[in-house]
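Note that the sequence shown covers residues 5 to 960 in our numbering. Here is the structure we will look at.
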Amino acid sequence: MTHRGLSAREVEASRAEHGENVLTPPPRTPLWKLFLGKFSDPVIRILLIAAFLSLGISFVHGEYYETVGIFCAIFLATGVSFWFEVDAARKFDLLNQVNDDTPVRVIRDGQVREVGKREIVVGDIILLETGDEVPADAELLEAMALQVDESNLTGEPSAFKTIHPEEFRPDATYPGNLVLRGTSVIEGHGVARVVRVGDATEFGRVATQATVQAEENTPLNRQLERLAKLIGVVGFGLAVFTFAALFLKDVFDGHDRFTWGQLGLLGAVFAGLAVASVKMWLPLVYDAFDLAGRPRQMSAGIARRGWFFWLLCGMLVCAGIASLGLFFGVDPLSAQAWIGLDAAGRILNYFMVAVTLIVVAVPEGLPMAVTLALALSIRKMLKSNNLVRKMHACETMGATTVICTDKTGTLTANRMSVEAAHFDFGVPESVVYEGVAVNTTAELNRDDPNQPKALGNPTEGALLLWLDAAGESYAGWRERAEVIARLPFSTRNKYMATLVRSGAEGIDGQTVLYVKGAPEIVLGHCAGLSEAQRTEVEAQLAEYQQQAMRTLGFAYRILPAGDESAKYAHADAEALKALVAEGGLTFAGYTAIMDPVREDVPAAVAECMEAGIAVKIVTGDTPGTAREIGRRIGLWDPASDGPRNEITGVEWEALSDEEALERAAEIKIMSRARPMDKQRLVQLLQRRGEVVAVTGDGTNDAPALNFANVGLSMGSGTSVAREASDITLLDDSFASIATAVMWGRSVYRNIQRFVLFQLTINVAALTIVFLGSLLGFALPLTVTQMLWVNLIMDTFAAGALASLPPDRSEMSHRPRRTTDFIITPVMRRSILWTGFGFVAVLLGLLAWFGHTGGGVTAYELSLFFTVFVLLQFWNMFNAKAYASGRSAFHGLWHDTGFLLVAALIVIGQVVIVSFGGEVFRVVPLSLRDWAIAIGATSAVLWIGEALRLIRSRRRA
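So this is what it looks like as structure tokens:
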């Protein structure tokens with residue numbers, strides 16, 4: 005068939021109408037926006053509010069240490085998080101480079117030309133040969149023994165393509181006459197007309213879905229949002245209560261004698277302030293409803309209005325209420341109608357006390373603890389071949405409840421191999437080896453001498469690898485044999501035949517016809533087998549086929565010598581068909597071939613399932629192959645699993661959303677799945693409350709990778725898959741997923757430990773400030789001392805608890821529910837009891853000093869400060885042991901990071917107390933008092949150890 009192709013003018017017209025053959029690159033977030041994005045963290049947001057409130061107090065008192073400290077904590081946490089993600093992105097970009105200038109052969113103006121892949125347009129006639137990558141979606145016009153590797157899109161490593169509709173496979177994912185961008189030709193050749201280019205191709209459509217912004221919030225962020233709400237509600241509630249209590253105390257104890265007119269004007273000011281700040285306090289009211297399990301939706305009118313609008317409304321409300329005083333003889337424009345400056349100063353001071361309570365309630369070190377825990381995990385996971393691109397993915401893996409995994413290249417090696425070979429039918433080995441070597445078009449690449457790689461048809465490549473493993477050189481056998489004619493494999497014939505002048509021992513120089521193909525076809529042309537032998541072979545083949553293996557039969561025929569053989573010297577494909585049809589072949593044997601399961605996968609799948617994680621196979625391969633792989637990895641049990649546990653892509657698409665939502669949990673295997681099928685499964689599982697991780701290496705996996713809570717791509721996978729993922733498994737090992745889950749659960753546990761540690765101190769400090777404001781005494785710690793406690797030491801503690809190594813025992817628990825709060829009931833009891841215990845100790849110490857109503861001496865201040873720090877120090881050991889079921893001393897000598905930070909805290913405290921002088925307002929302590937303080941405060945650890953021992957004995 006003659007093809008003229010497009011003219012130059014038609015090319016330009018097509019390009020103008022359909023666009024260039026390029027994929028729209030995924031949007032890159034600018035660095036400044038990536039950095040600002042770190043401030044969307046819920047705890048960072050509440051910390052910012054505390055920082056600006058603290059700044060207001062600083063303007064009044066003229067001391068800025070606390071404000072500077074809070075801002076340092078904010079920028080330290082956001083800066084570290086930003087730097088680690090940028091560093092991971094830089095490493096990732098080295099993996100992900102795409103070339104759109106690959107030359108492609110096309111026919112234009114009746115001439116064959118080479119143009120860059122990006123220059124291909126709709127309507128172009130392209131020529132495809134073995135080894136070519138298909139540049140765009142195209143419809144075949146000619147196909148000669150054409151096989152295409154579609155594993156990037158469907159998971160199918162070898163799809164036969166034809167222009168004859170009767171030869172189309174009914175269960176194929178895409179039509180048999182369609183070749184798709186991103187796939188590659190592994191055998192044969194063809195001519196095709198381009199029908200779609202760029203983003204319109206199936207590859208482009210998948211890539212576009214891979215870059216859609218998924219709105220699924222991470223489990224950790226949801227937890228931190230609840231924690232931020234709790235902190236905000238408690239802090240704001242205590243602040244309002246304290247302010248009201250102090251104000252009413254002055255009113256009712258006669259300290260301030262206000263007239264009704266003054267109270268009315270003061271009420272006008274309070275009402276105006278309440279309206280002006282509605283954007284600040286009203287969300288906290290809704291947060292309180294949410295925490296109480298009775299969520300309410302804020303009115304759209306309130307949410308839509310800006311700060312300026314409410315400020316103006318507040319001023320109007322204040323003026324309106326104040327003007328009502330005119331009806332009662334109160335002139336709001338008269339200075340005498342308002343309260344005095346002394347009373348106003350006291351009220352302002354009460355407001356500052358209330359704001360201080362909010363600031364004290366906020367855990368400054370928490371963002372840093374989360375950032376350090378995730379950042380340290382990123383570094384350590386990289387050493388175990390997990391390149392984490394997005395920090396949240398570390399922890400989210402620990403919350404994963406479902407893993408949807410691709411088959412080809414993820415569960416399997418993506419390398420066909422001979423699982424069984426039966427050549428025990430009396431045929432000489434030399435004939436078998438020669439037949440395998442010459443009756444194929446595959447080759448072996450030996451760039452790596454220890455790991456030869458098959459080129460061409462993967463099934464034929466498996467035969468060459470089998471030959472190589474037997475110590476036979478396929479190249480040597482080919483050199484000794486002279487190929488006369490070849491009939492390529494086709495779906496119509498279902499066999500391949502090659503006519504050679506043999507070089508094998510015993511038949512050297514003779515003309516031999518070698519045939520391989522579907523066993524039932526090959527056996528039908530063979531003679532010399534008894535019925536018993538045929539029955540035995542057919543039974544064994546049926547068993548292999550039940551296991552989803554590809555079976556091949558081998559036969560040969562020695563053609564007559566002498567003058568008779570001369571007529572075969574110029575034989576063609578049709579002559580070979582006639583020779584095979586004559587029959588009389590000698591059956592040589594048969595093989596069973598499949599893409600083997602990776603060695604480490606069954607154990608990794610078992611570990612995930614034991615950890616309470618459901619595993620689902622989603623593949624473009626056939627149902628039989630998918631089931632067999634499922635059986636081999638321990639996922640599919642033929643005795644208990646049935647039709648409800650498997651589905652095809654076509655059946656899945658036919659289900660309504662309600663039916664699919666109900667069915668999603670039961671599915672173990674989805675076969676013949678298309679890219680959007682996998683994405684739909686992921687989104688419906690998420691609607692059921694599951695946290696979904698998706699693994700895959702092909703472009704077909706990209707949409708699901710993008711929409712999953714965690715997307716895990718393979719290092720050897722396509723650039724589109726890697727771009728859509730959160731973690732790249734550099735070693736392509738499914739076993740790394742179980743390791744990532746263990747890391748994720750350990751990271752979350754370490755964050756919980758820091759929350760336990762931090763909130764215990766916050767409860768203690770908040771309670772003392774609250775009681776002090778009501779009873780008339782202040783926490784005897786200076787601003788610089790609080791800076792050391794709240795920022796530096798908390799950061800050290802964050803580093804200590806974040807550096808704890810992952811614990812394999814975490815895999816014995818089921819995944820936490822997405823509705824679980826980060827503060828468990830056990831943590832809540834520990835925080836409250838320990839925090840109130842610290843309050844009792846610290847108030848007792850103040851009482852012992854005898855200065856609850858006034859100041860303390862510099863020495864007593866130093867001792868109080870040291871006790872306050874040491875209580876936290878020993879409690880850090882209790883936090884380390886939380887939820888481990890073991891002593892705080894377990895594995896302590898191996899936790900070098902924890903020990904180093906613990907030592908730094910003690911050394912830092914000693915240095916500050918000994919040499920801090922006027923900056924920290926401290927004086928050196930005697931060795932005796934140091935010993936007493938350390939020994940007495942260590943009771944915190946020993947009480948914790950006793951409680952852990954009692955609990956462990958009860959469990960035993």
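Heads up, the beta-carbon is just placed ideally off N, CA and C, and yes, glycines get one too. Bear in mind the structure is a predicted one, so any value in this text is a computation, not a measurement.
The segment 292-300 and the segment 242-254 do not touch, with fewer than three beta-carbon pairs separated by less than 8 Å. Each residue's CA atom was taken as its position, placing PHE313 and VAL273 some 17 Å apart. Excluding its 5 nearest sequence neighbours in each direction, ASN713 has C-beta neighbours in its own chain below 8 Å: GLU220, THR222, PRO223, THR400, ALA403, THR404, GLN690, VAL695, VAL696, ALA697, listed in chain order.
Looking from the CA of ALA204, the closest CA among GLU154, GLN266, LEU27 belongs to LEU27. Distance from the CA of PHE902 to the CA of ASN882, rounded to the nearest whole angstrom, comes to 13 Å. With contacts defined by Cβ atoms closer than 8 Å, VAL917 and SER866 form a contacting pair. Shown here, ASP452 sits in coil according to DSSP, grouped into three states, outside any helix or strand. The shortest CA-to-CA distance from PRO287 to any of ARG298, GLY236, GLN266 is the one to GLY236. Just so you know, the alpha carbons of LEU850 and ALA348 end up roughly 31 Å apart. Between the segment 620-638 and the segment 673-686, the count of C-beta pairs closer than 8 Å reaches three or more; the two stretches touch.
Judged by DSSP secondary structure, HIS396 falls within the alpha helix (DSSP H) whose first and last residues are 396-403. About 16 Å separates the beta carbons of ALA940 and VAL843, which is beyond the 8 Å limit, so they are not a contact pair. Taking the Cα positions, ARG821 is about 17 Å away from VAL686. The straight-line gap separating the alpha-carbon atoms of PHE56 and VAL282 is approximately 17 Å. Take ALA706, set aside five residues on each side of it, and the residues of its chain with a beta-carbon closer than 6 Å to its own are VAL210, ALA214, VAL724, ALA725, ALA728, in chain order. For GLY480, the three-state secondary structure derived from DSSP is helix.
Looking from the CA of ILE407, the closest CA among ILE130, TYR752, TYR548, THR699 belongs to THR699. Counting along the chain, VAL195 sits inside the beta strand (DSSP E) bounded by residues 188-200. Counting only residues of its own chain and dropping the five nearest sequence neighbours on each side, ILE562 has a CB closer than 7 Å to the CB of ILE511, GLN514, VAL516. A Cβ-Cβ distance of about 5 Å is found for the pair VAL487 and VAL504, placing them in contact under the 8 Å criterion. By the CB criterion at 8 Å, GLY127 and VAL198 fall inside the cutoff. Counting along the chain, ASN766 sits inside the alpha helix (DSSP H) bounded by residues 739-779. With a cutoff of 8 Å on beta-carbon distance, GLY239 and ALA365 are scored as near each other. Taking 8 Å as the cut-off, the beta carbon of ALA163 is found no closer than this to the beta carbon of GLU171.
Between VAL189 and the set CYS322, LEU252, GLY460, GLN227, the nearest pair of CA atoms involves GLY460. The straight-line gap separating the alpha-carbon atoms of ALA275 and LYS37 is approximately 38 Å. Within the model, the alpha-carbon separation for GLY889 versus ASP736 is close to 34 Å. According to DSSP, residue pairing for GLY521 in a beta bridge involves TYR499, GLY557. Within 10 angstroms of the beta-carbon of SER381 lie 16 or more other beta-carbons, which makes it buried. About 15 Å separates the beta carbons of VAL431 and LEU471, which is beyond the 8 Å limit, so they are not a contact pair. Residue pairing from DSSP places TYR594 in a beta bridge opposite HIS426, GLY557.
Three or more Cβ pairs drawn from the segment 541-561 and the segment 585-602 lie within less than 8 Å of each other, which places the two stretches in contact. In terms of CA proximity to THR502, GLU438 leads the group ASP641, GLU438, ILE111, LEU182.
The C-beta separation of PRO606 from GLY638 comes to about 5 Å, placing the pair in contact by the 8 Å criterion. Bounds of the beta strand (DSSP E) holding ALA149 are 141-154. For GLU662 and ALA668, the gap between their C-alpha atoms comes out near 10 Å.
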